[in-house]
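Right, one structure below, let's go through it.
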Amino acid sequence: MEELLKKYKEYKELLKKYSYCEFILSYDAITDCPKLDRPYSDEIQEWLYNKELEITLSDDYINLIYALNDKKDELDEITKLDIEIEYKELVKINKIPKDELKKHITNSYKSAYEWEEARKTLDYSKFLVELKELVEFNKKYIKWEETDTLKGYDVLLDDMEEGYNQKMYDEFFEKIEKDLLPFVKEVLTKEQKYNKKLDTLKFDISKQKELTKKIASAMEYDDNVGCIRETVHPFTNWANNKDVRITTRYQEDLLFSNLYSVMHEIGHALFQLHMDDKYNDTNIFNNVTCITHESQSRFYENYLGRSRAFIEYLYPILVELYPKELEGITVDDIYYYVNSVKAQFNRCEADELTYPLHVLIRYNVEKKLFNGEIDVDKMEETFNYYMKEYLGITPPNKLIGVFQDSHWSSGFGYFPTYALGSAYGAMFYQEMKKDLDVDADLRKGNFKNINIWLTEKIHKFSGTKKNLEIVKDVCKIDFDPDIYIKYLKDKFTEIYK
Ligand SMILES: [Zn+2]
Numbered sequence: 003m004e005e006l007l008k009k010y011k012e013y014k015e016l017l018k019k020y021s022y023c024e025f026i027l028s029y030d031a032i033t034d035c036p037k038l039d040r041p042y043s044d045e046i047q048e049w050l051y052n053k054e055l056e057i058t059l060s061d062d063y064i065n066l067i068y069a070l071n072d073k074k075d076e077l078d079e080i081t082k083l084d085i086e087i088e089y090k091e092l093v094k095i096n097k098i099p100k101d102e103l104k105k106h107i108t109n110s111y112k113s114a115y116e117w118e119e120a121r122k123t124l125d126y127s128k129f130l131v132e133l134k135e136l137v138e139f140n141k142k143y144i145k146w147e148e149t150d151t152l153k154g155y156d157v158l159l160d161d162m163e164e165g166y167n168q169k170m171y172d173e174f175f176e177k178i179e180k181d182l183l184p185f186v187k188e189v190l191t192k193e194q195k196y197n198k199k200l201d202t203l204k205f206d207i208s209k210q211k212e213l214t215k216k217i218a219s220a221m222e223y224d225d226n227v228g229c230i231r232e233t234v235h236p237f238t239n240w241a242n243n244k245d246v247r248i249t250t251r252y253q254e255d256l257l258f259s260n261l262y263s264v265m266h267e268i269g270h271a272l273f274q275l276h277m278d279d280k281y282n283d284t285n286i287f288n289n290v291t292c293i294t295h296e297s298q299s300r301f302y303e304n305y306l307g308r309s310r311a312f313i314e315y316l317y318p319i320l321v322e323l324y325p326k327e328l329e330g331i332t333v334d335d336i337y338y339y340v341n342s343v344k345a346q347f348n349r350c351e352a353d354e355l356t357y358p359l360h361v362l363i364r365y366n367v368e369k370k371l372f373n374g375e376i377d378v379d380k381m382e383e384t385f386n387y388y389m390k391e392y393l394g395i396t397p398p399n400k401l402i403g404v405f406q407d408s409h410w411s412s413g414f415g416y417f418p419t420y421a422l423g424s425a426y427g428a429m430f431y432q433e434m435k436k437d438l439d440v441d442a443d444l445r446k447g448n449f450k451n452i453n454i455w456l457t458e459k460i461h462k463f464s465g466t467k468k469n470l471e472i473v474k475d476v477c478k479i480d481f482d483p484d485i486y487i488k489y490l491k492d493k494f495t496e497i498y499k
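Residue numbering for the sequence shown follows the numbering used here, starting at 3 and increasing by one per position.
Given below as structure tokens:
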């Protein structure tokens, strides 16, 4: 056994170095990399990724993991889970023919690149070619990975969120359609309460950067462990619990878009940073499921960031930065503005109330795509149909419509986890308020107690727990979507009364 473990550690050391280089390169490629150098950067990333695959798909490595998995009960808890995760991934990846896998990797880099290019020209023809390849690959992937219990689109959903399938998501979204949609439609007819001057203001970007720094520091995310750069579609990436980097996007007329994007990404970042050191360099560190991760990012962004208490802390900071622009604007104006419910196209900019519907639109498109009801060319039409059905509007183009998100340029099955993450967040929020005076802390911009609470209850465990287990451990009850629906109805009834 000792020999096996020694060999495993040696392999892991090498793989860790490859993936660290990849982490740096990919962060750079999507942020600061000069446009003309991007294809070269992508080529190096692909080379590194293939180097990793050479190891992980070699007979020597596979035999090693299989041997360790056979004797896993002799291992300590952390190594055992680490090996189990590695074994599961290897079994999955080994079902894909090697030439198909290689082709798919190249296709993934290309489609991400073409997605970004199409945004500049509005010509999506090259992206569509790559997207069709991607969908074809995923359809074949489903066939390779199908089991007696896991069929069709469920294979992709299970990949993103183990244990979740169409039936579970359908049940959740049926509730959203039945219990929440009529309420959303009613709110959409109400008049907005904020000072309309807020719609026309421009906010100097260098001051937005100051604001970002201030809020990041209040949230306890700083330069010692983090980094904030600019990109088109904000994301968070990490190497270990000492290096977690986020991105944002500054736009003069959208001050709050940057603010909430930063709070969202810092939510992801804090989760990784608060993980116990012992999980660094193991598969457990990357084993947190999408729903759990989104439950944290959307927690900081919405439950905390869009609360009245936080706005009371934020208001004087904003007035100090933008005294002229915010003349005549009150705390209430800001609170109503950041919580204004609108039928609009952009998912990332969507208010808390219409948000689950934006997700549901995408879930419907994916479901139809992989259940064989539509093909790639019909994605836009289907997307627009549901946008009209739920929100009463039709996007004028693909840029702010069907292909506004980067997700479909890399995979499928991610979107539904966003809505579930929000629903979990509502449960955690209700529970946190029993232990802490959350509002009193937020009014002071003090995230310390909140961070400690989340670390102790959720973050420190890293990827050792499944999401439903976390809910049960933290809230002492099973997942209950009614808590989410009630939170939304209470909050927006008060705002629009
Ligand atoms: Zn997120």
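Cβ atoms here follow ideal geometry from the backbone N, Cα and C, with glycine treated the same way.
None of these values were measured; they are calculated from a predicted model.
Asked: Glu232, DSSP secondary structure in three states; Found: strand
Asked: Distance, Asn373 Cα to Ser263 Cα; Found: 33 Å
Asked: CA nearest to the CA of Ile336, picked from Ala241, Leu261, Asn448, Thr81; Found: Leu261
Asked: Cβ-based burial, Leu124 [other Cβ within 10 Å; buried from 16]; Found: exposed
Asked: Among Glu76, Asn140, Asp482, Tyr498, nearest to Glu368 - alpha-carbon criterion; Found: Asn140
Asked: Complete runs of the alpha helix (DSSP H) confined to the segment 412-491 [at least 4 residues]; Found: 417-437, 440-445, 450-459, 469-477
Asked: According to DSSP, residues forming a beta bridge with Arg364; Found: BP columns for Arg364 are empty, so no partner.
Asked: CB of Phe174 within 8 Å of CB of Leu422, strictly; Found: yes
Asked: Any non-hydrogen atom of ligand 1 within 7 Å of Ser299 CB; Found: yes
Asked: Where the beta strand (DSSP E) containing Val137 begins and where it ends; Found: It is not in any beta strand (DSSP E) - Val137 instead sits in the alpha helix (DSSP H) that spans 127-147.
Asked: Residue span of the alpha helix (DSSP H) that contains Cys117, given as start and end; Found: According to the sequence provided, residue 117 is Trp. The question's Cys does not apply to it. From DSSP, the alpha helix (DSSP H) with Trp117 extends over 100-123.
Asked: Arg40 versus Tyr111, Leu70, Ile107, Ala311, residue with shortest Cα-Cα distance; Found: Tyr111
Asked: Residue environment, Gln253, which counts as buried when at least 16 other CB atoms sit within 10 Å; Found: exposed
Asked: Inter-stretch contact (C-beta, 8 Å, three-pair minimum) for the segment 276-293 and the segment 458-467; Found: yes
Asked: Rounded C-alpha distance that separates Glu116 from Trp49; Found: 19 Å
Asked: Asp61 burial status per 10 Å Cβ neighbour count (16 or more: buried); Found: exposed
Asked: For Tyr486 and Asp480, the rounded distance between their alpha carbons; Found: 13 Å
Asked: Neighbour-count burial assignment, Tyr498, 16 or more Cβ in a 10 Å radius; Found: buried
Asked: Helix, strand or coil at Asp172 [DSSP, three-state]; Found: helix
Asked: Segment contact, 8 Å Cβ cut-off, at least three pairs: the segment 291-300 with the segment 158-170; Found: yes
Asked: Classification of Ile452 by the beta-carbon crowding that lies within 10 angstroms, buried from 16 upward; Found: buried
Asked: Contacts around Tyr416, its chain only, beta-carbon distance under 8 Å, and the 5 residues preceding and following it disregarded; Found: Met162, Cys292, His409
Asked: Classification of Tyr42 by the beta-carbon crowding that lies within 10 angstroms, buried from 16 upward; Found: exposed
Asked: Counted within 10 angstroms of its Cβ, other Cβ atoms place Gly427 as buried (16 or more) or exposed; Found: buried
Asked: Same chain, Cβ closer than 7 Å to Phe312, neighbours up to 5 away in sequence not counted; Found: Leu306, Leu444
Asked: Distance between beta carbons of Thr419 and Glu296, contact taken as under 8 Å; Found: 6 Å
Asked: Whole-angstrom C-beta distance between Ser259 and Glu351, which should lie under 8 Å; Found: 6 Å
Asked: Residues that Arg308 bridges to, as DSSP identifies them; Found: Beta-bridge pairing links Arg308 to no other residue.
Asked: Element boundaries [beta strand (DSSP E), containing Asn239]; Found: 238-242
Asked: Where Thr249 sits in the DSSP three-state scheme; Found: strand
Asked: His360 CB to nearest heavy atom of ligand 1 below 7 Å; Found: no
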